[in-house]
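Here is the structure we will look at, set down as structure tokens.
Number of protein chains: 2
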Amino acid sequence: MIDVIAFDADDTLWHNETLFTSTQERFGELLARYDQGDWTKQALFETEMQNLQFYGYGIKSFTLSMIETAIKLTGGRILASDVQEILDLAKEMLNAPVQLLDHVAEVIPELAASYRLMLITKGDLLDQETKLARSGLGATFRHVEIVAAKSVGVYRSLLAKHQIPPERFLMVGNSLRSDVLPVVALGARAVHIPYTTTWAHENLETHHQPSVDYVELEHIGFLPAMLESLGKQVPCQDRVGIEC
Amino acid sequence: MIDVIAFDADDTLWHNETLFTSTQERFGELLARYDQGDWTKQALFETEMQNLQFYGYGIKSFTLSMIETAIKLTGGRILASDVQEILDLAKEMLNAPVQLLDHVAEVIPELAASYRLMLITKGDLLDQETKLARSGLGATFRHVEIVAAKSVGVYRSLLAKHQIPPERFLMVGNSLRSDVLPVVALGARAVHIPYTTTWAHENLETHHQPSVDYVELEHIGFLPAMLESLGKQVPCQDRVGIEC
């Protein structure tokens with residue numbers, strides 16, 4: 262029933278938000294030298310949201326927003342050496358080792374034997390490509406699509422481009438907003454695997470969600486069993502480890 | 262003979278390097294407040310080259326390198342207000358109107374009627390997508406590929422992905438290094454249309470070029486005639502405005 266399984270990358274295949282969170286903490290410590298209290302996180306998020314239309318997603322955008330926020334919060338008193346420290350944080354992030362989530366190293370090659378696998382991710386082009394290379398999973402994905410946004414229109418174009426009928430497509434990811442809702446809207450299937458931490462921008466309040474048809478799994482290790490259940494037409498409710 | 266014509270974007274379809282050049286001039290003026298003389302340009306270029314492996318191409322990368330260079334050249338004396346000015350320059354660049362090169366507005370829609378057109382460009386994903394949208398040419402390109410680098414391997418993957426035999430593919434661009442040599446190496450055709458200004462990184466010394474088979478045109482307005490000449494098997498040398 263399913264030919265193509267597409268995966269989100271950050272926080273679905275490998276840890277990512279933890280890297281941003283720990284950098285944000287160090288950014289907070291840097292700003293604390295200027296007596297700014299703890300509204301740093303909110304101020305940074307606001308700057309990021311204002312800049313999203315210009316910068317898009319990724320570490321470079323995040324870094325430019327950190328610098329802008331630091332100038333603002335310190336009232337222009339930030340020292341060049343601290344701006345340099347922010348630049349160094351960026352390079353550390355870009356060089357950080359890729360840490361796969363549990364079960365990913367086994368499940369992805371297993372699924373690659375039976376399905377066409379695809380990667381669909383937002384973020385910096387170069388950063389995502391090098392992370393994929395460093396992850397050791399590069400060869401298992403038939404198609405890699407790095408996109409500026411994950412809207413219904415973007416998914417529609419991707420399916421058309423690769424000539425995939427929606428009913429034969431399954432998307433797996435940690436974000437309801439980016440990986441699940443737009444895919445279900447097209448009549449394709451989606452699996453939601455929540456990550457421990459989610460960036461505020463990707464959060465959707467539960468009461469904003471229409472009643473949509475997707476499967477939620479605790480971790481990616483349950484994915485092969487879920488796919489088997491689809492093939493066997495066993496009602497989802499009867500499968501272990503799956504919330505339908 | 263040719264089914265697919267791919268175009269580079271920056272400095273092939275629309276002006277780009279002039280935007281970087283004018284920003285660089287303003288960056289130089291900003292640094293002149295700190296008595297740095299005029300080796301700014303070389304220092305910036307060196308920072309950009311060192312950062313290329315981390316940041317890749319595009320305006321955000323350029324901006325992060327400007328900030329790093331400014332900190333270095335001022336010996337850490339740069340004021341936060343001047344760092345903010347550099348951030349403002351970045352947003353101006355990202356918002357700058359897209360100025361098509363001469364003949365592009367006529368030639369591209371004309372060719373779209375007879376060929377599958379493709380865009381292959383480096384740079385920031387979001388920036389390139391919004392420029393394409395603002396250019397008014399978006400609908401004329403069947404495929405848009407924004408890549409982290411333009412190597413032989415990248416072109417090989419693109420042709421495989423779109424199932425294009427190399428002998429039916431023609432690439433048009435302003436950079437010998439990125440748009441011509443790797444394409445010719447694959448056995449496909451390439452047209453070089455030099456831009457008035459070329460970023461130092463894209464420059465290839467003439468004596469480094471192997472003897473390769475490509476066509477050089479003065480401007481894109483000559484492209485339809487050149488393509489017609491291919492179809493008619495008329496020797497390239499007999500066509501007007503073409504250097505073979």
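Chains C and H supply the protein sequences, listed in that same order.
Under our numbering, the first residue of the first sequence carries the number 262, and numbering increases by one thereafter.
Under our numbering, the first residue of the second sequence carries the number 262, and numbering increases by one thereafter.
Positions of the beta carbon are idealized from the N, C-alpha and C atoms, including for glycine.
The Cβ atoms of Met354(C) and Ile320(C) sit closer than 8 Å to each other. One finds Gln345, Leu348 in chain H with Cβ atoms closer than 8 Å to the Cβ of Glu329(C), taken in chain order. By the Cβ test, the segment 442-455 of chain H is in contact with the segment 473-483 of chain H, since at least three Cβ pairs between them sit closer than 8 Å.
Ala293(C) sits in a helix when the DSSP states are folded into three classes. For Tyr416(H), no chain C residue has a Cβ inside 8 Å of its Cβ, as the nearest lies near 15 Å away.
Sorting Leu305(C), Ile454(C), Val365(C), Arg438(C) by C-alpha distance to the C-alpha of Gly399(C) places Val365(C) at the top. Cβ neighbours of Gln389(C) within its own chain (closer than 7 Å, five residues either side excluded): Ala270, Thr382, Ile407.
In terms of beta-carbon proximity, Ala341(H) lines the interface with chain C, with at least one pair separated by less than 8 Å. Contact annotation: His480(C) and Gln360(C) have beta-carbon atoms that are not nearer than 8 Å.
Secondary structure of Leu478(H) (DSSP, three-state): strand. Residue nearest to Thr282(C) within the set Val265(C), Phe306(C), Ala293(C) is Phe306(C) (criterion: CA-CA distance). Going by DSSP, Ile407(H) is part of the beta strand (DSSP E) stretching over 404-408. For the segment 309-378 of chain C, there is no continuous beta strand (DSSP E) assignment of 3+ residues that stays within its boundaries.
The distance from the Cβ of Leu274(H) to that of Leu362(H) is about 6 Å, consistent with a contact at the 8 Å cut-off.
Between Asp349(H) and the set Ser326(C), Leu380(C), Ser412(C), Leu334(C), the nearest pair of CA atoms involves Ser326(C).
With a threshold of 8 Å between beta carbons, Phe483(H) makes no contact with chain C.
Annotated three-state conformation of Lys411(H) is coil, per DSSP. Annotation: the continuous beta strand (DSSP E) that includes Arg450(H) extends over 450-453.
Non-local beta-carbon contacts of Leu340(H) in its own chain, meaning distances under 7 Å to residues more than five positions away in sequence, are absent. Counting only Cβ-Cβ distances below 7 Å, Ser439(C) has no contacts in chain H at all, with the closest Cβ about 15 Å away.
Contact between Leu378(H) and Phe402(H) holds: their C-beta atoms lie close to 5 Å from each other, under 8 Å. Rounded to the nearest angstrom, the Cβ distance from Pro485(C) to Glu346(C) is 45 Å, too far for a contact under 8 Å. Residue burial annotation: Val444(H) is buried, with at least 16 other C-beta atoms found within 10 angstroms of its C-beta. CA-to-CA, the gap between Phe323(H) and Met310(C) works out to about 21 Å. Between Tyr376(H) and Ile454(H), the C-beta gap is not smaller than 8 Å, which leaves the two residues out of contact.
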